[in-house]
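Q: Chains as they are written, first to last, in the numbering used here: chain A, 7 to 650; chain B, 29 to 558; chain C, 26 to 517; chain D, 405 to 512.
Idealized CB from N, CA, C, for every residue including glycine.
(1) Please tell me whether, using a cut-off of 7 Å, the distance from the CB of residue 85(A) to the nearest non-hydrogen atom of the ligand FMN is below it.
(2) Under 8 Å, do residue 39(B) and residue 141(B) count as touching if we go by C-beta distance?
(3) Between the Cα of residue 197(C) and the Cα atoms of 229(C), 379(C), 240(C), which residue gives the shortest distance?
(4) Please list, in chain order, the residues of the stretch 417–432 of chain D that have any C-beta partner in chain A closer than 9 Å.
(5) Given a cut-off of 8 Å, decide if residue 132(A) and residue 257(A) are closer than it, judged by their beta-carbon atoms.
(6) When the cut-off is 8 Å and only beta carbons count, does residue 260(C) lie next to chain D?
(7) What does the alpha-carbon distance come out to for the pair residue 449(C) and residue 319(C)?
(8) Find the residues of chain A that neighbour residue 256(C), judging by a C-beta separation of less than 7 Å, and give them in chain order.
(9) Going along chain A in order, which residues have a C-beta closer than 7 Å to the C-beta of residue 356(B)?
(10) Would you be able to state if there are at least three C-beta pairs under 8 Å between the stretch 125–144 of chain C and the stretch 173–190 of chain C?
(11) Restricting to Cα atoms, I'd like to know which of 37(A), 176(A), 149(A), 205(A) is closest to residue 122(A).
(12) Using the Cα positions of residue 79(C) and residue 231(B), report the straight-line distance between them to the nearest angstrom.
(13) Rounded C-beta distance between residue 341(A) and residue 515(A)? I'm assuming under 8 Å.
(14) Is there a Cβ from chain C that is less than 8 Å from the Cβ of residue 46(B)?
(15) So, for residue 259(C): in the same chain, excluding its five sequence neighbours on each side, which residues have a beta-carbon less than 6 Å away from its beta-carbon?
(16) On a CA-only basis, which of 49(C), 265(C), 280(C), 294(C) is nearest residue 238(C)? Give me that one, please.
(17) Looking at C-alpha atoms only, which residue of 110(A), 470(A), 12(A) is the closest neighbour of residue 91(A)?
(18) Taking the alpha carbon of residue 313(A) as the reference point, which residue from 410(A), 627(A), 566(A), 391(A) has its own alpha carbon closest?
(19) To the nearest angstrom, report how far apart residue 124(B) and residue 512(B) are at their CA atoms.
(20) By the criterion of Cβ-Cβ separation under 7 Å, what are the contact partners of residue 449(C) in chain B?
(21) Answer yes or no: do residue 303(C) and residue 346(C) have a C-beta to C-beta separation smaller than 8 Å?
(22) List the residues of chain A whose Cβ lies closer than 9 Å to the Cβ of residue 525(B), in chain order.
(23) Find the nearest neighbour of residue 142(C) within the set 41(C), 341(C), 348(C), judged by alpha-carbon distance.
(24) Take residue 357(A) as the anchor and find which of 403(A), 260(A), 408(A), 416(A) has the nearest alpha-carbon.
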């Protein structure tokens with residue numbers, strides 16, 4: 007089939023789903039709404055598959071299918087077509103989006119079956135899918151931006167889906183506004199690129215920049231990437247703009263799985279992978295990205311340790327994992343970033359859905375302190391969750407191991423990397439293992455701590471099937487990217503398929519000669535760190551359940567700081583938001599009312615004052631008037647005679 | 029004939045309305061305004077978008093001694109503004125169906141006269157004719173605010189009138205100076221704008237008191253007040269808040285555009301050197317307007333005032349775009365004028381619909397509206413998205429182009445203007461959150477204070493009746509909009525997406541003119557196509 | 026000296042004669058019928074006959090330029106134009122006078138007599154070609170006005186107004202006359218052409234002449250109510266019966282300004298010796314504009330407000346006068362003045378007319394509050410007043426806008442931009458007080474039940490006609506401008 | 405020390421000086437005196453001062469216009485006096501007062 011039609015179908019299907027559900031938004035029929043939405047999503051998935059295979063049949067260098075539907079904005083030198091490209095990167099992305107998306111849609115049917123407005127929910131979900139596809143398929147930065155803002159919009163709508171709760175509505179707004187801060191950076195980045203290179207189309211940019219970069223100053227390029235990175239910190243929840251993501255957990259859990267774990271939040275990573283052939287010419291930008299990513303990974307992981315809300319733990323884990331991806335981007339390991347993006351999509355979506363299943367079972371309870379021992383009640387959920395757990399903490403041969411390990415190795419070995427970056431990454435890996443195991447221990451293992459009136463039950467098949475599929479993917483998803491050193495010793499010598507696939511479209515940094523021994527050693531270290539973290543958590547929360555409290559008490563202020571998320575929200579509130587509101591009120595009341603209007607009134611008052619004066623002068627005395635005349639004549643005469 | 033018909037048909041309508049029986053005024057006005065709109069659509073057949081010149085010219089001597097003519101014509105810059113004016117009138121008639129209950133005859137007369145004056149302003153190619161329409165448009169609006177307005181309407185309408193008049197009278201003096209300049213330089217006195225373009229007005233860079241600079245500021249002041257630009261914007265919030273819904277809609281949607289249109293029609297082409305020299309000032313004021321308007325909008329307790337300040341912010345974008353003096357900025361500026369007309373017009377209509385039902389505009393009185401009025405909420409949110417420039421809505425195209433242009437012209441101003449994108453989201457979404465989300469507010473059937481009291485400075489102020497336990501009155505209110513109101517909003521919502529998705533459909537009609545304006549800025553001439 | 030006047034001279038002065046004769050007819054009838062007041066309508070018809078006959082007699086003189094009675098009177102464009110304006114104002118003012126509450130119906134005949142003779146005085150002044158005639162005309166209409174003011178049914182302030190006007194008017198006349206005596210002493214004649222031809226020369230050489238000339242102008246400035254000779258105007262306008270105020274504000278100004286224009290035509294202002302006076306005059310104009318607008322700003326009484334505003338308008342028109350006097354494109358200034366005379370006459374007499382129609386009692390002094398809710402009670406009247414006030418404000422497309430446009434044009438052309446700017450500032454202030462009545466009429470509800478006023482059809486018609494005229498002359502300003510241009514063409 | 409001739413020969417300057425003095429007296433009367441009748445007299449005095457200067461100028465230049473003017477002025481002054489006195493009488497009838505200070509109702 008013609009790829010244009012496929013792309014069109016891919017995009018239109020969720021849009022139609024949106025229209026269908028959007029128009030009957032009052033309907034309570036979750037099954038109809040869900041089925042339509044899932045079908046739409048699944049059609050897109052089929053199209054993605056078809057496109058993927060079409061792409062696969064092409065020679066590696068020619069693997070891009072572009073179709074431009076119409077010119078969107080044509081002004082001056084700016085010509086933005088509504089164009090979409092499927093290439094190696096976007097093919098993976100659309101497969102993830104529609105694949106994981108379909109599963110989550112399916113899961114949602116069960117999850118949202120008792121909701122008041124399921125149609126609206128599915129409409130938003132489809133709309134999100136559409137926007138996400140636009141984001142990854144766009145063949146220029148502006149179309150990507152369309153999707154970029156569009157997903158933010160859907161995220162806003164879905165976070166605030168249960169808008170009657172002011173906190174949830176506020177969370178939606180926080181997400182949108184924080185994203186907007188990033189978007190502003192994105193815009194400026196785009197402007198710089200446009201005015202430096204005269205185009206916004208990826209293919210042109212990526213062709214042009216390597217050509218001209220030798221002869222021109224790369225300052226604008228670095229600056230552009232830094233601004234784009236601000237955009238990415240917003241969308242992909244990096245320091246300093248990550249604060250919205252934990253709050254975004256106010257949305258329905260499948261939304262968290264789809265938007266805030268698997269797809270939308272990875273848009274920043276996608277963007278940088280997409281631009282990586284140009285990014286490599288901006289090493290300073292890469293440095294910033296790498297350190298921001300590493301710092302985010304560690305900070306979020308430490309916060310994750312102290313959280314009690316199951317979704318919040320996962321949210322911080324997401325932030326942390328995204329930090330990994332940016333670390334990879336920053337050190338030039340674009341393939342690894344994309345790889346981790348994919349495996350993370352599998353296991354994090356799995357865990358979110360699993361947590362959804364748990365929450366569903368626990369009647370909207372999210373506090374892990376009130377859970378425990380759920381293994382008995384939710385066997386399938388537990389089993390799949392374990393797979394995800396193993397994947398995220400990086401136990402071979404689960405998916406997360408391969409991607410995370412590659413990132414750590416590159417952080418160590420890449421010319422952009424350093425031992426410090428590796429160390430942060432490794433430390434984060436240990437923390438990750440710790441808090442994930444803690445999550446497992448508190449939720450599924452040990453004794454149950456919930457009340458007698460709660461009767462957890464396993465979720466219906468529409469919810470467990472996606473869990474199982476994602477569980478499977480969390481196991482095997484990493485096998486497409488087995489590192490060379492590992493592949494060399496495995497039977498059949500599997501090569502790094504993923505890297506090979508992406509090779510033509512991503513940037514490459516010059517590598518040192520791979521040190522095989524070091525790589526093995528580091529692999530061992532990271533796995534053992536993960537194991538250590540996991541054991542420590544297991545020991546703390548199951549074997550000696552009183553230990554955490556003691557530790558927390560001992561650490562005192564440090565613990566409180568971490569548990570309160572380093573007071574970042576409070577910091578923003580106090581030093582950013584409150585001053586902003588105060589300033590606004592002040593300028594309204596002082597500048598508008600007291601200065602500008604006062605000046606206006608002053609003009610009026612001046613006239614008024616003059617009027618009083620005029621009234622005084624006009625005193626009604628005939629002889630005063632005659633005197634004015636006489637004086638007038640005298641003055642005129644004097645002046646005329648004197649000057650004349 | 030077409031253009032004169034467009035200008036003066038509403039006058040005829042006004043006369044007809046004056047004679048009709050009271051009962052049929054509304055439907056008849058609707059019909060007539062639709063007819064007017066239909067007539068304006070004929071422009072699509074008669075207007076040649078590939079030409080940058082002035083078309084459909086009509087020229088009759090009016091005051092030949094001073095070279096003043098009744099001279100009208102259209103080009104790509106005025107094209108859409110005319111359509112916007114005619115397009116909004118039927119919507120306003122329909123939108124005021126229940127909002128205006130008193131003196132409906134006078135109201136519709138005002139409306140039609142206003143429509144005539146506005147279209148005249150956009151079509152006039154003679155400076156005096158322009159001035160005449162520009163000033164004449166004040167009067168119906170003055171009455172609209174003053175007669176059908178809110179509690180402080182007298183203050184607001186007077187402020188509006190005096191502010192605008194103050195600016196435009198200086199412009200009159202400048203126009204006179206230009207007329208005499210045509211006599212000196214071209215041999216014959218002429219007040220026609222194309223002749224003004226031919227003038228070589230002396231300009232000395234760095235000198236404040238040279239002819240071009242003085243005249244430039246005389247014009248710029250008049251238009252800046254109309255736009256309104258910071259710091260001469262304070263009439264706008266007052267006028268908007270006090271105006272009745274239709275008045276607000278027309279004021280925001282069309283009248284403010286007279287100012288920005290004036291910049292495009294007069295200021296840039298007639299005073300190219302001064303405009304270029306002072307562009308930084310206007311860009312700066314534009315940027316200040318963007319941020320200032322947004323910040324002040326954020327803390328408004330009154331929805332209408334919030335929208336009014338958002339207008340200040342949006343018009344700041346337009347000014348930034350126009351004074352970027354490049355094709356992106358100017359195109360974006362023009363597009364943003366239309367966007368603002370549609371989105372702010374729609375917002376005022378929406379606020380009016382709510383006000384009609386609850387008689388409160390205090391944000392603190394609302395909350396949880398989304399639950400009881402979902403369609404209204406959807407419409408409001410769509411318009412909000414347009415207002416905050418979410419891609420694929422019209423607002424994005426305008427803002428993006430303006431920011432692009434602004435950034436090209438000046439990196440610092442462009443960069444700061446981008447902050448407006450953030451702040452815009454903040455104030456609109458915060459308002460949306462407080463009005464539509466959360467627990468039901470006291471006018472939405474909820475309790476009196478549900479944690480919203482803290483936001484509103486005027487919480488509970490003036491709504492004592494609601495606080496006295498007459499909740500039943502409010503919970504019984506049907507806050508959802510009806511079919512008529514949906515009809516009013518539907519075209520606007522459709523346009524929001526149409527303009528967002530296919531901007532070329534719109535920009536192609538103006539492209540030639542705008543390209544011409546930007547490319548030949550320092551030596552601007554307009555062909556008059558007979 | 027051979028006396029040479031023929032029939033043609035009598036034909037030329039026929040308007041004045043007609044006015045005088047027809048003013049005497051009702052008076053004679055009254056006297057002959059035992060001092061019994063006749064039907065006021067009949068009296069009015071006699072008066073109309075006189076006025077329209079005068080207009081009829083005036084029409085043939087349009088376009089002519091000649092003198093009469095040994096050069097004592099001059100008939101040219103300016104005089105013809107001013108004659109028509111004055112006659113028009115007289116007709117309208119007569120209409121108002123009959124309908125007014127403050128006109129004593131028992132003395133209506135006398136009122137008509139005085140008013141028509143005041144018109145004769147004004148005509149005399151605009152025709153005058155000799156300073157003696159000027160003085161006679163000026164005194165004639167002044168004396169008539171003093172008496173008419175005092176004849177008001179309102180007894181308290183009208184007497185005061187009359188007396189103030191009388192004392193101050195006489196004072197100004199004396200000053201003017203003193204000036205005339207100096208002029209006579211230096212020129213050796215009171216004959217205007219002789220004066221005008223030697224003005225340039227004498228101004229430069231003779232200080233006594235300078236003194237005389239300035240004093241003459243002061244006398245005119247008093248009548249035109251220019252600062253600092255304006256102080257009588259608010260008090261007198263307020264105290265006088267409204268129809269008479271309308272007449273005074275328009276007719277007197279038309280006559281005075283027309284004569285002033287003749288003086289200015291001598292190009293006196295171009296003499297270097299006289300420049301200081303031109304400078305002073307500019308300042309006086311600025312102060313006039315300012316004091317007029319500022320004084321009107323906070324007036325409660327509408328009549329007083331309009332009185333102050335008429336001071337402001339004098340300021341505007343004086344801008345044109347200066348522009349007409351300083352050479353160069355003086356034509357613009359002269360036409361500006363003449364055009365403004367018409368436009369000002371139409372809108373001011375109309376505005377006062379509306380006020381007089383709303384006065385329920387002889388002593389009522391309408392305030393802005395009294396207009397509240399007028400739009401609902403008397404929509405047409407409110408509309409007419411609105412149009413007239415908008416014209417006074419200078420909003421297009423009313424005639425007031427074009428009046429200002431021409432004046433400001435003249436100022437800009439003549440390099441008097443700063444005067445134009447002051448005019449603009451004044452206009453901005455004026456927006457406030459002109460719109461306040463509009464606000465009251467349309468946007469406020471009456472607090473107390475308004476006094477019932479019965480509408481008189483003639484005044485009603487007159488006011489509507491004037492409001493219409495404001496719009497018609499606004500839209501069709503070119504024909505009027507051409508007439509004005511033709512009227513001043515030969516003088517300048 | 406001016407020569408006796410200058411003192412004894414009464415010329416134009418003397419007349420004009422006298423006229424100016426009388427005019428000033430009249431003016432001062434108008435400006436200072438509170439009685440309306442006296443103010444009226446002041447005006448008359450001013451007019452007569454003007455008459456004097458007219459006559460003086462007429463005598464100097466030798467043409468008749470000045471004399472004619474004087475007659476006109478006298479007539480007008482008479483009329484003015486008539487009107488003025490009538491007004492004064494009317495005022496007195498109404499208010500029983502001829503002090504100008506009582507007529508300050510119109511003001512502001």
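A: Checking against the coordinates, here is how it stands:
(1) In terms of ligand content, the structure shown is empty, and the ligand FMN therefore cannot be addressed.
(2) Counting from 1 along the second chain, the entry for residue 39(B) is found at position 11. Counting from 1 along the second chain, the entry for residue 141(B) is found at position 113. Closer than 8 Å, so yes.
(3) Here residue 197(C) refers to the residue found at position 172 when the third chain is read from its first residue. Nearest option by C-alpha distance: 240(C).
(4) Answer set for the stretch 417–432 of chain D: 431.
(5) For the purposes of this step, residue 257(A) is taken as the residue at position 251 of the first chain. For the purposes of this step, residue 132(A) is taken as the residue at position 126 of the first chain. For residue 257(A) and residue 132(A), no; Cβs fall outside 8 Å.
(6) Sequence index remark: in the third chain, residue 260(C) carries index 235 (1-based). Yes, contact with chain D.
(7) Position 424 of the third chain, counting from 1, holds the residue named residue 449(C). Position 294 of the third chain, counting from 1, holds the residue named residue 319(C). Between residue 449(C) and residue 319(C), the C-alpha separation is close to 13 Å.
(8) Here residue 256(C) corresponds to residue number 231 of the third chain, with the count starting at 1. Contacts between residue 256(C) and chain A, judged by CB atoms closer than 7 Å, involve 624, 631, 634 in chain order.
(9) Here the question's residue 356(B) lines up with position 328 in the second chain. Per Cβ cutoff of 7 Å: 81, 82, 84.
(10) yes
(11) Indexing the first chain from 1 puts residue 122(A) at position 116. The shortest C-alpha separation from residue 122(A) is found at 37(A).
(12) Taking the first residue of the third chain as 1, we reach residue 79(C) at position 54. Taking the first residue of the second chain as 1, we reach residue 231(B) at position 203. When rounded, the separation of the alpha-carbon atoms in residue 79(C) and residue 231(B) is 56 Å.
(13) The residue given as residue 341(A) occupies position 335 in the first chain. The residue given as residue 515(A) occupies position 509 in the first chain. Their Cβ separation, rounded to whole angstroms, is 11 Å, which puts residue 341(A) and residue 515(A) out of contact at 8 Å.
(14) For this step, residue 46(B) is matched to residue 18 along the second chain. False, the Cβ-Cβ gap to chain C never drops below 8 Å.
(15) For the purposes of this step, residue 259(C) is taken as the residue at position 234 of the third chain. Within the same chain, residue 259(C) has close Cβ partners 329, 332, 333.
(16) In the third chain, counting from the first residue as 1, residue 238(C) sits at position 213. Residue 294(C) is the option with its Cα nearest to residue 238(C).
(17) As a working mapping, residue 91(A) is identified with position 85 in the first chain. That would be 12(A), whose Cα lies nearest to the Cα of residue 91(A).
(18) Your numbering for residue 313(A) matches position 307 in the first chain. Ranking 410(A), 627(A), 566(A), 391(A) by Cα distance to residue 313(A) puts 566(A) first.
(19) The residue labelled residue 124(B) in the question sits at position 96 within the second chain. The residue labelled residue 512(B) in the question sits at position 484 within the second chain. Whole-angstrom Cα-Cα distance: 10 Å.
(20) Translated into positions along the third chain, residue 449(C) becomes position 424. Scanning chain B for C-beta atoms nearer than 7 Å to the C-beta of residue 449(C) yields 197, 198, 201, reported in chain order.
(21) For the purposes of this step, residue 303(C) is taken as residue 278 along the third chain, with counting starting at 1. For the purposes of this step, residue 346(C) is taken as residue 321 along the third chain, with counting starting at 1. By the CB criterion at 8 Å, residue 303(C) and residue 346(C) fall outside the cutoff.
(22) Numbered from its first residue, the second chain carries residue 525(B) at position 497. Within 9 Å Cβ-Cβ: nothing; residue 525(B) doesn't reach chain A, min ~12 Å.
(23) Within the third chain, the letter at position 117 stands for residue 142(C). Measuring from the Cα of residue 142(C), the nearest candidate turns out to be 41(C).
(24) If you number the first chain from 1, residue 357(A) lands on position 351. Measuring from the Cα of residue 357(A), the nearest candidate turns out to be 260(A).
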